[in-house]
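Novice: Residue numbers (the working numbering): 50 to 465. Take this structure, written in structure tokens, and hold onto it; I'll ask about it next.
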């Protein structure tokens, strides 16, 4: 029986939040984010405001900078006459901040001023939630925003120069900039890109950059099972929710037919560096298949996603290594300046190509070389097999001599 006393209702709501800490999706998220299971969660209690009161009300999510690219330009999505969950869940296609400026000019101006104030306080990009209740702006919450690897690099570099307005401008140090970039951010920037693309069968919003190729699955459980069997997976949903986190964790890419740039799928994908396309309304999902115009894609079919352009292609597109951005090079340069004389960086390299790439990125030497990869190269494997299966010592010696010459030539190529 639902309690009628407000105090009991409040207590029940608080206890529900505390219990959610041990939910399966919360545990899966903590494992992915490397968050301690011992921390517990908190509950904020605040007055309710209503974005769904009338057409002079609304709700939205905003970022003080672009969380996908790092561009120093606020962006966000909102809905008129709606509650906040409608924006994040992606069940309705949203409007951007330019539309907010036209619909609520004074609210838009106030919101941007608050964005500037938040960045000045946190000295970082912030993720915010807001509600408009009969024309009045209410800020519900803020936190330092999640971002892609490319955005993390750009923001870190940009924020070392003065930003903000006049006497209230601010900046961070190079050391602080380096602390905001982790190895996963660098890895994301080096994610492969498509070489040549066929005509897109659908196009949505470019929610999280990068290229992804994989087999289509329509539920988080099916995606997880396929990934465990070694398949590259693209999770396709109308929209995602926290219930889908375990499938999103293993997906190479995420495609939704609804939602905007601040929907659950977009925010989670950016935080994990997973390529994502959202709001592709041409994608009509029907059970374990989807239609995009005249094209039918069934579970297990291969598609390619371009999270940088928002395009969806049929089949597996060819991939190539990405070119590092100028911010990538700047961060590595600053890291070298600060560590110089204190720390030496050496690379793991199994081939001359690995050694060349390591030198390009600033390594001072090779810390570990596993020569078996040279022996097992496609052009050398037949010789190794003949040596192992040799019927006489003479044949074994001939094979060894051939390999000695080959390996010596390989090591000469390491002089980079």
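Virtual Cβ for every residue (Gly too), placed ideally from N, Cα, C.
1) Taking the C-alpha atoms as reference points, what is the distance between residue 389 and residue 310?
2) Nearest to residue 197 by CA position, among 114, 53 and 369, is which residue?
3) What residues match up with residue 144 in a beta bridge as DSSP calls it?
4) Closer than 7 Å by C-beta to residue 272: which residues in its own chain qualify, once you throw out the five before and the five after it? Chain order, please.
5) Can the beta-carbon of residue 249 be found closer than 9 Å to that of residue 421?
6) Report yes if the C-beta distance between residue 110 and residue 159 is below 9 Å; otherwise report no.
7) Tell me the residue span of the beta strand (DSSP E) that contains residue 54.
8) Kindly give me the distance between the Cβ atoms of residue 226 and residue 209, rounded to whole angstroms, as I take these residues to be in contact under 8 Å.
9) Among residues of its own chain, excluding the 5 on either side of residue 193, which ones have a beta-carbon nearer than 8 Å to its beta-carbon?
10) Once the 5 residues before and after residue 327 are set aside, which same chain residues still bring their CB inside 6 Å of it?
11) Can you find the residues in the same chain that come closer than 6 Å, C-beta to C-beta, to residue 187, ignoring five residues on each side of it along the sequence?
12) Below 8 Å, can you find three or more Cβ-Cβ pairs linking the stretch 384–398 to the stretch 352–371?
13) Which residues mark the beginning and the end of the beta strand (DSSP E) in which residue 397 is found?
14) Which of the three DSSP states is assigned to residue 174 in this structure?
15) Consult DSSP for residue 132 and reduce its assignment to one of helix, strand or coil.
16) Just confirm the distance between the C-beta atoms of residue 165 and residue 144, as a whole number of angstroms; I'd bet it's less than 8 Å.
17) Hey, would you say residue 340 sits closer than 9 Å to residue 351, going by beta carbons?
18) Going straight from the alpha carbon of residue 275 to that of residue 65, what length do you get?
19) Go ahead and pull the three-state DSSP assignment for residue 244.
20) Suppose you measure from the CA of residue 440 to the CA of residue 433; what does that come to, to the nearest Å?
21) Counting along the chain, where does the alpha helix (DSSP H) carrying residue 451 start and finish?
22) Along the chain, where does the beta strand (DSSP E) that runs through residue 204 open and close?
23) Does the Cβ of residue 88 have 16 or more other Cβ atoms within 10 Å, making it buried, or fewer, making it exposed?
24) Quick check: the Cα distance between residue 317 and residue 107, rounded to an integer number of angstroms?
25) Whole angstroms is fine: what's the gap from residue 400's alpha carbon to residue 370's?
26) So, is residue 86 buried or exposed, given that buried needs 16 or more other C-beta atoms within 10 angstroms?
27) Short check: CB of residue 368 to CB of residue 260, under 9 Å?
28) Mind checking whether residue 240 and residue 322 have CB atoms under 9 Å apart?
29) Would you identify the three-state DSSP class for residue 353, choosing helix, strand or coil?
30) On the CB-based measure, 16 or more other CB atoms within 10 Å of its CB, does residue 67 come out buried or exposed?
31) Residue 266 lies in the beta strand (DSSP E); which residues open and close that run?
32) Am I right that residue 349 and residue 264 are in contact with their C-beta atoms under 8 Å? What's the rounded C-beta distance?
33) With distances taken Cα to Cα, identify the nearest neighbour of residue 286 among 336, 278, 183 and 247.
34) In the DSSP assignment, the alpha helix (DSSP H) including residue 283 goes from what residue to what residue?
35) What are the partner residues of residue 67, as DSSP defines its beta bridges?
36) Take residue 161 and list the residues in its own chain whose beta-carbon comes closer than 7 Å to its own, dropping the five residues that flank it on each side.
Specialist: Checking against the coordinates, here is how it stands:
1) 41 Å
2) 114
3) 127
4) 266, 282, 284, 296, 299 and 300
5) no
6) no
7) Where residue 54 is concerned, there is no enclosing beta strand (DSSP E), given that its DSSP letter is neither H nor E.
8) Contact flag correct, Cβ pair sits at about 5 Å.
9) 171, 173, 174, 175 and 176
10) Counting only Cβ-Cβ distances below 6 Å, and skipping sequence neighbours, we find 253, 254, 256, 305, 308, 312, 314 and 315.
11) 98 and 180
12) No contact exists between the stretch 384–398 and the stretch 352–371.
13) 395–397
14) Coil.
15) coil
16) Actually they do not touch by this definition, with Cβ atoms about 22 Å apart.
17) No.
18) 33 Å
19) coil
20) 14 Å
21) 442–461
22) From DSSP, residue 204 is part of no beta strand (DSSP E) but of the alpha helix (DSSP H) over 198–207.
23) exposed
24) 23 Å
25) If you draw a straight line from the Cα of residue 400 to the Cα of residue 370, it comes to about 17 Å.
26) With fewer than 16 Cβ atoms within 10 Å of its Cβ, residue 86 is classed as exposed.
27) yes
28) Contact flag set, yes.
29) strand
30) exposed
31) 260–266
32) The distance from the Cβ of residue 349 to that of residue 264 is about 5 Å, consistent with a contact at the 8 Å cut-off.
33) If we check each option's Cα against that of residue 286, 336 comes out closest.
34) Careful: residue 283 lies outside any alpha helix (DSSP H), inside the beta strand (DSSP E) at 282–286.
35) Beta-bridge pairing links residue 67 to no other residue.
36) 123
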